[in-house]
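Colleague: Dropping a structure here in structure tokens format, bear with me for questions.
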Amino acid sequence: MGSFQVVGAAVVDGSGRDPIDVNVTVEDGRIAQLDASSAHGERLDAGGLTMTPGLIDAHVHLGLSSLIQPQFSFQISTAEIAADIFATAGATLDAGFTTVRDTGGIDGGVVTTIAKGKVRGPRVLSCGPVQCQTGGHGYYGADWEPTELWSSHHVPGLCALSMMSGNADELRGNVREAFRRGASFLKLCVTGGVVGARDRLTDTQFTVEEIAVAVQEAAARGTYVTVHAHNNDGIRNAVEAGVRCVEHGTDLDASTATLMATREVALVPTFAVVEQLLHDTAGAGLDESTRDRVLGVRERMTEALAVAKEAGVRIGLGSDLIGPAQNRRGEELRLRAKLETPMEALVAATKTNAEILGLSGQVGVIAPGAQADLVLWNGNPVEDPELFADPANAVLVLKAGRVVKDLR
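Counting from 10, one number per residue, gives the positions in the sequence shown under my numbering.
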């Protein structure tokens with residue numbers, strides 16, 4: 010469709026304002042105008058449905074769409090890994106997510122293949138391989154597998170979970186390699202993590218000076234660094250080094266939250282993965298010991314969300330789902346709507362996430378000039394956020410003005 014109007018829907022524009030009854034005119038993939046007058050020209054009837062901007066997930070792992078432990082022990086073929094990645098990409102679109110930020114696992118070829126339209130999927134921004142400290146979070150090799158063999162798990166153009174650095178010079182070389190492979194931003198692991206047996210959530214990883222090297226390299230490319238960080242010391246190290254975003258933020262305290270707000274560092278909490286690992290650890294291809302590591306994280310992350318809100322931190326939204334079961338990505342909005350209002354959860358997944366991704370005004374809003382990324386819901390998810398969790402409720406999805414899903 011070149012030019013058409015979407016008519017009859019209640020429009021929730023992503024700004025936080027109440028729904029309005031307007032027709033949305035789309036021209037050449039962008040929103041041309043919002044008009045309450047009678048429709049004219051080619052029409053797409055959305056009577057009885059609720060329209061929102063295409064959702065944005067600021068923390069995805071498309072490259073971890075297979076069972077985790079088998080994937081990193083050469084038990085799954087490259088063909089199957091690719092099939093799993095592209096199946097997850099399509100399922101993401103079907104759940105109403107038209108833009109995602111991949112925070113580790115894919116190589117640049119996945120981004121370009123989806124962008125060319127060769128497979129179904131959302132718009133993808135990727136950090137390429139995560140930057141990790143030798144012996145730290147992000148390494149899933151076998152117990153006695155030498156670190157230098159880890160890169161043998163990379164499949165050029167398809168997947169590369171992480172790169173190991175033992176010092177600042179190695180880190181500088183690795184981030185430059187990540188940019189060569191197509192990264193549009195960088196991610197570092199600066200604390201231990203839940204998924205992994207070689208570190209603890211209380212561990213800090215990389216020094217302030219080392220993190221600053223990545224920040225310097227990102228700035229030279231006109232982009233930024235985000236960090237995987239659970240404990241407060243690691244979060245503070247990263248903020249002091251100049252990063253622009255923190256993922257998880259489980260043990261964030263008030264003082265560090267205030268520093269984040271002052272330096273305009275965003276936070277992306279990730280509740281859906283916590284629920285996933287509490288209830289279906291094996292479904293992600295992980296050992297049951299992972300459940301023990303995640304105990305208490307939900308409660309502490311909930312407290313961190315409240316602390317960050319009180320300090321005025323910009324707070325986005327990310328699911329962090331891993332393994333094959335990534336089709337219910339909207340669970341993150343359902344969970345956040347229990348901690349905030351449903352409208353606040355929606356704004357986090359649209360307007361705020363667009364700001365964090367550097368796409369403000371381009372996606373995440375229904376406004377003239379923005380990409381025509383639109384989702385039409387069977388019901389009003391702002392009144393009933395349970396609707397977000399089931400992809401079947403996203404009955405019509407448009408990405409850049411093209412209908413990519415239609416269940417009407």
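Cβ coordinates follow ideal geometry from the N, Cα and C atoms, glycine included.
For clarity, every value in this text was computed on a predicted model and none was experimentally measured.
Note down, in chain order, each residue of its chain lying with its Cβ closer than 6 angstroms to the Cβ of Thr211, except the 5 sequence neighbours on either side.
Modeller: Asn240
Colleague: Can you name, in chain order, every residue of its own chain whose Cβ lies under 8 angstroms from the Cβ of Gly25, other than the five neighbours on each side?
Modeller: Met352, Glu353, Val356 and Lys360
Colleague: For the alpha helix (DSSP H) holding Leu287, just list the boundary residues, first then last.
Modeller: Phe280 to His288
Colleague: Return yes when the Cβ of Gly50 is within less than 9 angstroms of the Cβ of Gly105, no when it is not.
Modeller: no
Colleague: Applying the criterion that 16 or more other CB atoms from any shown protein chain within 10 Å of the CB defines a buried residue, is Val316 buried or exposed?
Modeller: buried
Colleague: Between Gly332, Arg343, Ala263 and Ala55, which lies nearest to Leu314 when the distance is taken from Cα to Cα?
Modeller: Ala263
Colleague: Please state the DSSP three-state secondary structure of Val344.
Modeller: According to the sequence as given, residue 344 is Leu; it is not Val. In the structure shown, Leu344 sits in a helix (DSSP, three-state: H, G or I).
Colleague: Which of the three DSSP states is assigned to Gly99 in this structure?
Modeller: Helix.
Colleague: For Arg110 and Ala192, what's the separation of their Cα atoms in angstroms?
Modeller: 11 angstroms
Colleague: Distance, Cα to Cα, Ala91 vs Leu167?
Modeller: Cα-Cα distance, rounded: 7 angstroms.
Colleague: May I ask you to verify whether the stretch 22-39 touches the stretch 77-91, counting CB pairs closer than 8 angstroms and requiring at least 3?
Modeller: no
Colleague: Report the rounded CA-to-CA distance for Val184 versus Leu102, giving the unit in angstroms.
Modeller: 29 angstroms
Colleague: Could you check whether Glu340 and Ala358 sit closer than 9 angstroms to each other, using their CB atoms as the reference points?
Modeller: no
Colleague: Would you list, in sequence order, the uninterrupted beta strand (DSSP E) runs of no fewer than 3 residues that lie entirely inside the stretch 41-122?
Modeller: Taking only runs of at least 3 residues, the beta strand (DSSP E) segments lying wholly in the stretch 41-122 are 52-54, 59-62, 64-69 and 106-111.
Colleague: When we look at the beta-carbon of Gln84 and count the other beta-carbons within 10 Å, is it buried (16 or more) or exposed?
Modeller: It is exposed - the Cβ of Gln84 has fewer than 16 other Cβ atoms within 10 Å.
Colleague: In the structure shown, what three-state DSSP assignment does Phe13 receive?
Modeller: strand
Colleague: When the distance is taken between beta carbons, is Leu170 closer than 9 angstroms to Val203?
Modeller: no
Colleague: Would you kindly report the start and end of the unbroken alpha helix (DSSP H) that includes Val217?
Modeller: Here the alpha helix (DSSP H) through Val217 covers Val217 to Ala229.
Colleague: For Ala275, which beta-bridge partners are listed by DSSP?
Modeller: Cys254
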